[in-house]
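Under my numbering, think of the first position of the sequence shown as 8, with each following residue one higher.
Just so it is clear, CB atoms sit at the ideal spot from N, CA and C, and this is done for glycine as well.
Shown next, in C-alpha cells, is the structure this report addresses.
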Amino acid sequence: MKRIILFAVFLVTCIFAYSQNQDSINNFYIENNRVIWKKVFITSLDFEQLFSKAKDAGLFENVEKEQTKIRGQLKYIDAEPLEYGFLDLNAAPYVNNNFINGFVVIEFKQGRYRVTLRRIMLTEKHVDTLNILGASSLIEREIFKLGKIEFNNQFKNRSSILLNDMLTQYFDFSQMICDDNW
C-alpha cells in the first residue's frame, strides 16, 4: 500500500513539474495566453544612470520614467542569426523575415533591474506575393503549437535561444561603454 501511495505522489509531482516547465523557456513565459520575455540583470548603476543608458541605447520610442520604472515602445529590431552563431538556414523564417518590437517595462531595484517585453510583434521586412511590407502579427502565431497555447518544438530548440541571446545583448546596459575621453 505504501508503494502505491508513494508511486501516486511521485507521479503527481512529475506531472506538476512537467506542466510548469511548459510555460517557460529561455526567459520566454506564457502569461494569460500571451508570450512575454522577462529577464533580471545585475547592475552597479543607480536608477538615473540606468535611465540615461536606456535612452542613449536608442531602442525605445515614447520613453516614460516613473519612480523606479522605465516604460517605452521597443523600436523595430532585427534578429541577425549570424551574430548569434546560427546560419540563416538554421533560423526559423519568422526570425529571418521579420523585425521584432513590443512594449518594454524596466523595473529597478538596487543592484539589479528586470526587463519585461510584452505584446511582442513580428513585422515583415520584405515584400513578396504572400506578405505585405510592414504587416504585423503577434509572435504567438508563429511559436505556439497549432491549436494549443504551448511553445512549438522549433521555438523551444532553436528560436528561443537566438531571440533570448539577442534580447539579452540589447538590454544589458552595463555593456554600453561610456568613453568620456573621446
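Out of Asp-172, Glu-157 and Met-173, which has the shortest C-alpha to C-alpha gap to Asn-39?
-> Reading the sequence shown from its first residue, position 32 is the one you call residue 39. Here the closest residue by C-alpha is Glu-157.
Under 8 Å by Cβ, that's how I've got Lys-46 and Val-102 pegged, so tell me the actual separation to the nearest angstrom.
-> Within the sequence shown, numbered from 1, the residue matching residue 46 stands at position 39. Within the sequence shown, numbered from 1, the residue matching residue 102 stands at position 95. Not really, about 19 Å apart at Cβ, beyond 8 Å.
According to the Cβ coordinates, are Ile-150 and Trp-44 closer than 8 Å?
-> For the purposes of this step, residue 150 is identified with residue 143 of the sequence shown, where counting begins at 1. For the purposes of this step, residue 44 is identified with residue 37 of the sequence shown, where counting begins at 1. For Ile-150 and Trp-44, no; Cβs fall outside 8 Å.
Please confirm whether Leu-129 and Val-111 have their CB atoms less than 8 Å apart.
-> By 1-based counting over the sequence shown, the position of residue 129 is 122. By 1-based counting over the sequence shown, the position of residue 111 is 104. Cβ distance not < 8 Å, so Leu-129 and Val-111 don't count as in contact.
With a CB to CB cut of under 6 Å and the five nearest residues on each side skipped, what residues in its chain are close to Asn-28?
-> If you number the sequence shown from 1, residue 28 lands on position 21. Here Asn-28 scores only 44 on pLDDT, less than 50, and its place in the model is too uncertain to base an answer on.
Which word fits Asp-118, buried or exposed, when buried means at least 16 other C-beta atoms lie within 10 angstroms of its C-beta?
-> Position 111 of the sequence shown, counted from the first residue, corresponds to residue 118. For the record, residue 118 in the displayed sequence is Gly; it is not Asp. So Gly-118 ends up on the exposed side.
Residues that Asn-108 bridges to, as DSSP identifies them = Locating residue 108 in the sequence shown gives position 101, counting from the first residue. For Asn-108, which the question treats as bridged, DSSP gives the partners Met-128.
Rounded to a whole number of angstroms, what is the C-alpha to C-alpha distance between Glu-114 and Leu-57?
-> What you label residue 114 is simply residue 107 of the sequence shown in a count that begins at 1. What you label residue 57 is simply residue 50 of the sequence shown in a count that begins at 1. Approximately 10 Å between the Cα atoms of the pair.
Let me know if Ser-166 comes out buried or exposed under the rule of 16 or more other beta-carbons within 10 Å of its beta-carbon.
-> The sequence position of residue 166 within the sequence shown is 159, counting from 1. Buried, since its Cβ has 16 or more Cβ neighbours within 10 Å.
Starting from Leu-169, follow the beta strand (DSSP E) in both directions and report where the run begins and ends.
-> To locate residue 169, count along the sequence shown from 1; it is residue 162. Counting along the chain, Leu-169 falls outside any beta strand (DSSP E), though it belongs to the alpha helix (DSSP H) covering 167 to 178.
In the DSSP assignment, find the unbroken alpha helix (DSSP H) run with Gln-80 in it and report its ends.
-> Within the sequence shown, the letter at position 73 stands for residue 80. No alpha helix (DSSP H) contains Gln-80, which is instead part of the beta strand (DSSP E) from 76 to 85.
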